[in-house]
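Student: Dropping a structure here in structure tokens format, bear with me for questions.
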Amino acid sequence: MSSPFAFDPPLTPPVLPESDVSYAVHPTSVGRLLLASAGGRLVLCAYAVDTAAEDALLRRVAGAVSPRVLRHERPLDAARRQVDEYLTGRRRRFDLPVELTLASPFQRKVLAGLGRTAYGERTTYGALARAIDHAGAARAVGTALGANPLCLVLPCHRVLPSSGGIGGYAGGPAAKEALLALEAAGRSCLAR
Numbered sequence: 010m011s012s013p014f015a016f017d018p019p020l021t022p023p024v025l026p027e028s029d030v031s032y033a034v035h036p037t038s039v040g041r042l043l044l045a046s047a048g049g050r051l052v053l054c055a056y057a058v059d060t061a062a063e064d065a066l067l068r069r070v071a072g073a074v075s076p077r078v079l080r081h082e083r084p085l086d087a088a089r090r091q092v093d094e095y096l097t098g099r100r101r102r103f104d105l106p107v108e109l110t111l112a113s114p115f116q117r118k119v120l121a122g123l124g125r126t127a128y129g130e131r132t133t134y135g136a137l138a139r140a141i142d143h144a145g146a147a148r149a150v151g152t153a154l155g156a157n158p159l160c161l162v163l164p165c166h167r168v169l170p171s172s173g174g175i176g177g178y179a180g181g182p183a184a185k186e187a188l189l190a191l192e193a194a195g196r197s198c199l200a201r
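In my numbering, the protein residues as written are 10 to 201.
Okay, here's the thing in structure tokens:
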């Protein structure tokens with residue numbers, strides 16, 4: 010039987026070259042994540058609950074990093090694998106090169122301060138503000154964490170309000186509670 014096309018289409022999809030920014034949408038147990046890398050470094054790991062959120066994140070990356078953004082999953086294989094390992098309790102910290110291009114200078118300081126809160130531990134917005142020499146800036150710390158471009162990888166879910174409760178989280182309260190429970194269970198296994 011002859012092909013209805015004027016040419017014979019390839020049987021396999023073409024392999025596209027990497028762009029300045031490669032991204033993938035990764036469904037997880039705590040929500041749909043958009044991962045993006047540039048130059049071999051992870052620049053984004055953020056919740057993209059729907060296509061409108063995905064489009065907004067891609068515009069943010071295009072504006073800050075490069076307008077050459079292509080959906081290309083292969084460069085994000087290690088990031089996707091580590092996210093899956095973390096979410097199944099087989100990984101306690103990420104070992105990925107990251108770039109904080111999407112963070113302001115204050116956000117970078119706040120995100121660097123997160124490194125003091127280990128897996129399974131929790132801190133408060135106020136304690137984190139004091140730890141980075143910005144006592145009294147708990148709300149600013151919360152705002153900075155709310156725009157964390159590297160959720161999970163830089164674990165802002167470990168920060169809670171001092172008044173109690175779960176506080177805000179880009180993935181929603183259920184995702185934050187699930188992440189805290191995952192880490193608490195992992196930490197208790199270490200204590201045995």
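Note that CB positions come from ideal geometry on N, CA and C, so glycine has one too.
#1: On the three-pair Cβ rule with 8 Å, is the stretch 119-137 touching the stretch 164-172?
#2: Just reading off the beta strand (DSSP E) that V74 is part of, what are its end residues?
#3: With H, G and I counted as helix, E and B as strand and the rest as coil, what does DSSP make of H143?
#4: Buried or exposed for A194, going by 16 or more other Cβ atoms inside 10 Å?
#5: How about V168 and Y134: do their beta carbons lie closer than 8 Å?
#6: Any C-beta of chain C sitting closer than 8 Å to the C-beta of R167?
#7: For V58, is the classification buried or exposed, using 16 other Cβ atoms within 10 angstroms of its Cβ as the cut-off for buried?
#8: Would you kindly work out how many angstroms separate the C-alpha atoms of L96 and G145, rounded to a whole number?
#9: Excluding the 5 residues preceding and the 5 following V107 in the sequence, name in chain order all residues of the same chain whose CB lies nearer than 7 Å to its CB.
#10: Looking at the secondary structure, which residues open and close the alpha helix (DSSP H) in which R167 lies?
Tutor: Concretely, from the data shown:
#1: Counting Cβ pairs under 8 Å, three or more are found: they touch.
#2: Counting along the chain, V74 falls outside any beta strand (DSSP E), and DSSP gives it neither H nor E.
#3: Coil, per DSSP.
#4: Exposed, since its Cβ has fewer than 16 Cβ neighbours within 10 Å.
#5: Cβ atoms of V168 and Y134: closer than 8 Å.
#6: As a matter of chain content, chain C is missing from the structure shown, which is built from one protein chain.
#7: Exposed is the call here.
#8: Their backbone Cα atoms lie some 33 Å apart in a straight line.
#9: Result list for V107: R50, L51, L159, V162, in chain order.
#10: Element bounds for R167: n/a, residue is neither H nor E.
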